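Novice: Residue numbers (our numbering): 5 to 334. Ideal placement from N, C-alpha and C gives every residue a C-beta, glycine not left out. All values derive from a computational prediction rather than experimental measurement.
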Amino acid sequence: MIMIILGIETSCDETAAAVVEVNNGNFIVRSNIISSQIEIHKQYGGVVPEVAARNHIINIIPVIQQALTEAKVTKNDIDRIAVTTHPGLMSSLLVGVQTAKTLALTWNKPLCSVNHLKAHLYAGWLENQPINFPAIGLIVSGGHTELVYMKNEKSFKNIGQTVDDAAGEAFDKVAHMLGLEYPGGPEISRHAERGDVTAFELPRPMHNSGDLMFSFSGLKTAVLYSIKKLNDNLSQQQTSDMAASFQQAVIDVLIDKTKAACQQHEAQTLIVAGGVAANKELRQQLIESITSIPVIFPAINYCTDNAAMIAAAGYFTEPKPLDQVNVTTK
Ligand code: KG4
Ligand code: ZN
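1. If I follow the unbroken beta strand (DSSP E) through M7, where does it start and stop?
2. So, helix, strand or coil for T106, using DSSP?
3. For G214, which option in S96, A264, P187, G128 has the closest C-alpha, if you only look at C-alpha atoms?
4. Following the continuous alpha helix (DSSP H) through I61, name the residue where it begins and the one where it ends.
5. Tell whether a beta-carbon distance below 7 Å holds between S96 and A57.
6. From the DSSP output, in three-state form, read off N80 for me.
7. Do I314 and T88 have their beta-carbon atoms positioned less than 7 Å apart in this structure?
8. Looking at chain B, is there any beta carbon in it that lies within less than 7 Å of the beta carbon of C116?
9. Please say whether D168 and S221 have beta carbons closer to each other than 7 Å?
10. How about S96: is its Cβ closer than 6 Å to a heavy atom in the ligand ZN?
11. Could you check where the alpha helix (DSSP H) with E43 kicks off and where it finishes?
12. Who does V87 pair with in a DSSP beta bridge?
13. May I have all residues whose beta carbon comes closer than 5 Å to any heavy atom of the ligand ZN, sorted in chain order?
14. Please indicate yes or no: does the CB of P190 lie closer than 6 Å to some heavy atom of the ligand KG4?
15. Please report the distance separating the alpha-carbon of E292 from that of T243.
16. Regarding D176 and the ligand KG4, is the C-beta to nearest heavy atom distance less than 6 Å?
17. I'd like the list of long-range same chain contacts for E173, defined as Cβ closer than 8 Å, with 5 residues on each side in sequence excluded.
18. Tell whether a beta-carbon distance below 7 Å holds between C307 and A281.
19. Given the structure, does N283 come close to the ligand KG4, in the sense that its CB is under 6 Å from one of the ligand's heavy atoms?
20. What first and last residue would you give for the alpha helix (DSSP H) that runs through Q165?
21. Under 8 Å by Cβ, that's how I've got P207 and A253 pegged, so tell me the actual separation to the nearest angstrom.
22. Buried or exposed: G279, going by 16 or more other Cβ atoms within 10 Å of its Cβ?
23. Do L142 and L130 have their CB atoms nearer than 7 Å?
24. In whole angstroms, give me the CA-to-CA distance for I294 and N59.
25. On a Cα-Cα basis, can you pick out the residue from C16, H120, Y153 that is closest to N136?
26. Using C-beta distances below 6 Å, list every residue in its chain close to L216, excluding the 5 sequence neighbours before and after it, in chain order.
27. Give me, in chain order, the residues of the same chain whose beta-carbon lies closer than 8 Å to that of L115; leave out the 5 immediate sequence neighbours on both sides.
28. Whose C-alpha, out of A123, I68, D200, E157, is nearest the C-alpha of A316?
29. Starting from V152, follow the beta strand (DSSP E) in both directions and report where the run begins and ends.
Next comes the structure, spelled out in C-alpha cells:
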C-alpha cells in the first residue's frame with residue numbers, strides 16, 4: 005500500500021512543507037522544504053512571535069508549492085494532509101493550521117492534527133530502521149526536554165522531563181552569555197570542538213536525583229558566575245573551553261537519565277530527536293554509552309524543525325473532521 009502525505013509545519017520560526025511517501029511501511033521523503041527565518045530573528049536574539057507569524061503568511065504558499073513540485077506530485081496524488089496544531093507559538097501555528105484546513109476543504113483531503121513533539125520522535129521512522137517496542141524516546145528541543153515510554157508506535161507516556169529550562173533553551177541562553185549568535189546550539193557545538201571539557205567545573209544538575217527529571221537552569225547560572233569571575237572578558241580559547249564544558253555537562257545528564265530510562269523500562273530501541281539531537285558530540289557519546297539496544301537518530305536535517313516529520317506523524321494519526329482540527333495550547 006502506498007500513502008502520500010503532505011506535511012505542514014509552522015510552530016516556531018520555520019515555515020516548512022514536505023511530501024512523504026509511505027510504501028509498505030517504508031518511508032521515502034520526496035521533498036522537504038524549509039524556509040528558515042533565523043536570519044530575521046537573529047537581530048533580536050530570539051524568535052519574535054508577531055514577526056514569525058507575518059513571515060509564515062508570506063512563505064507558506066510558495067513553500068507548499070515547492071514541496072509539491074520537487075516531489076513531482078499534484079494535489080491529486082496527495083492522500084492526506086498533516087499539520088502541526090500544538091505545541092508552539094499560537095500565532096505561528098494558526099497560519100499553518102488555517103492553510104492546511106483550507107487545502108483539505110478545497111482539495112477534499114483528510115486532515116490530521118499533529119503534536120509537534122511526537123512528530124520529532126516520528127522523524128526516527130524516516131531512517132527506515134527496525135524499531136522494537138517498548139521503546140524510549142528522548143526529545144531534546146528548544147522548548148522541551150522529555151523522556152517518553154512507547155509501548156507501541158502510537159502510544160506515548162511521559163516518564164521524565166525538565167523542571168525548568170529545556171536543553172536547547174540552555175544552549176541558546178549560554179550561547180547568548182558567551183556573545184554567540186542565535187540559535188546557540190550549533191554555535192556552542194562549533195566552539196566546543198576547540199575547547200577543553202575539563203577547563204571549567206560545572207554542575208550536573210539532578211544527576212543523582214533518582215528519578216528521570218532534568219534541570220538546566222542551575223547549570224546556566226553556574227556558567228554565568230564563571231563568566232562573571234573572569235570579568236565578562238573571555239578569550240577565544242576560554243569561550244571554546246566554556247562551550248565544551250557546558251556541552252559536556254548537558255550531555256552527561258542527558259545520557260545518564262536516558263540510560264536509566266532504558267534500563268528501568270527494558271527498552272528495545274532508543275529514539276533521540278529534536279533540535280539538540282543534531283549535536284554531533286551527543287550523538288557520538290550516546291551511541292558509545294548505550295550499546296545493548298539500537299539507538300536511532302534522525303538525520304541531522306530531520307532533527308531540527310521540518311515538515312517531513314509532520315508527514316511521518318500523519319501516517320500514524322487518524323484524520324479528524326475539519327472543525328476538530330484546531331490550534332491548541334497543549
Ligand atoms: O526542535 P527544534 O528545531 O525546535 C523546537 O521545537 O524547539 O530545536 C531547536 C533547538 C534550539 O535551541 C537550538 O539551539 C538547538 O535545538 N540545536 C542544537 C543544535 N542544533 C540545534 N543544540 C545543540 N547542538 C546542535 N548542533
Ligand atoms: Zn521542534
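Specialist: The answer reads as follows:
1. Counting from one through the sequence shown, the residue named residue 7 turns up at place 3. First-last of the beta strand (DSSP E) with M7: 6-13.
2. Counted from its first residue, the sequence shown places residue 106 at position 102. Note: T106 maps to helix in three-state DSSP.
3. Counted from its first residue, the sequence shown places residue 214 at position 210. Minimum Cα distance to G214 is reached at A264.
4. Reading the sequence shown from its first residue, position 57 is the one you call residue 61. Where I61 is concerned, the enclosing alpha helix (DSSP H) stretches over 53-75.
5. Counting from one through the sequence shown, the residue named residue 96 turns up at place 92. Counting from one through the sequence shown, the residue named residue 57 turns up at place 53. Taking 7 Å as the Cβ cut-off, S96 and A57 qualify as a contacting pair.
6. Residue numbering aside, residue 80 sits at position 76 when the sequence shown is read from its first letter. Three-state DSSP puts N80 in a helix.
7. As a first step, residue 88 is located in the sequence shown; it is residue number 84 there, counting from the start. As a first step, residue 314 is located in the sequence shown; it is residue number 310 there, counting from the start. Going by C-beta atoms, T88 is nearer than 7 Å to I314.
8. Structure shown: chain B not included; a single protein chain is present.
9. Position 217 of the sequence shown holds residue 221. Position 164 of the sequence shown holds residue 168. Cβ distance < 7 Å, so S221 and D168 count as in contact.
10. Residue numbering aside, residue 96 sits at position 92 when the sequence shown is read from its first letter. For the ligand ZN, not one heavy atom lies less than 6 Å from the Cβ of S96.
11. What you label residue 43 is simply residue 39 of the sequence shown in a count that begins at 1. Here the alpha helix (DSSP H) through E43 covers 42-46.
12. For this step, residue 87 is matched to residue 83 along the sequence shown. According to DSSP, which records beta bridges pairwise, V87 is partnered with I12, S117.
13. S145, D309
14. The residue labelled residue 190 in the question sits at position 186 within the sequence shown. Correct: P190 has its Cβ closer than 6 Å to the ligand KG4.
15. To locate residue 292, count along the sequence shown from 1; it is residue 288. To locate residue 243, count along the sequence shown from 1; it is residue 239. Roughly 27 Å between the two C-alpha positions.
16. Within the sequence shown, residue 176 is the residue found at index 172, counting from 1. Within the cutoff, so yes.
17. As a working mapping, residue 173 is identified with position 169 in the sequence shown. Contacts found: G146, G147, F220.
18. Mapped onto the sequence shown, residue 307 falls at position 303. Mapped onto the sequence shown, residue 281 falls at position 277. Closer than 7 Å, so yes.
19. As a first step, residue 283 is located in the sequence shown; it is residue number 279 there, counting from the start. Of the heavy atoms belonging to the ligand KG4, at least one sits nearer than 6 Å to the Cβ of N283.
20. Along the sequence shown, one-based indexing puts residue 165 at 161. No alpha helix (DSSP H) holds Q165; the beta strand (DSSP E) holding it covers 161-165.
21. What you label residue 207 is simply residue 203 of the sequence shown in a count that begins at 1. What you label residue 253 is simply residue 249 of the sequence shown in a count that begins at 1. With 8 Å as the limit, P207 and A253 qualify as a contact, their Cβ atoms being about 7 Å apart.
22. In the sequence shown, counting from the first residue as 1, residue 279 sits at position 275. A residue is called buried when at least 16 other Cβ atoms come within 10 angstroms of its Cβ; G279 meets this threshold and is buried.
23. Taking the sequence shown and counting its residues from 1, the one referred to as residue 142 is at position 138. Taking the sequence shown and counting its residues from 1, the one referred to as residue 130 is at position 126. Contact flag unset, no.
24. By 1-based counting over the sequence shown, the position of residue 294 is 290. By 1-based counting over the sequence shown, the position of residue 59 is 55. Approximately 41 Å between the Cα atoms of the pair.
25. One-based indexing of the sequence shown puts residue 136 at position 132. Checking every option, the nearest Cα to that of N136 belongs to Y153.
26. Here residue 216 refers to the residue found at position 212 when the sequence shown is read from its first residue. Around L216: L151, I163, G164, K261, A265.
27. For this step, residue 115 is matched to residue 111 along the sequence shown. Result list for L115: R84, I85, A86, V87, A104, K105, A108, P323, K324, L326, V329, in chain order.
28. Taking the first residue of the sequence shown as 1, we reach residue 316 at position 312. Nearest C-alpha to A316: A123.
29. As a working note, residue 152 is residue 148 in the sequence shown. 149-154 is the span of the beta strand (DSSP E), which, as asked, contains V152.
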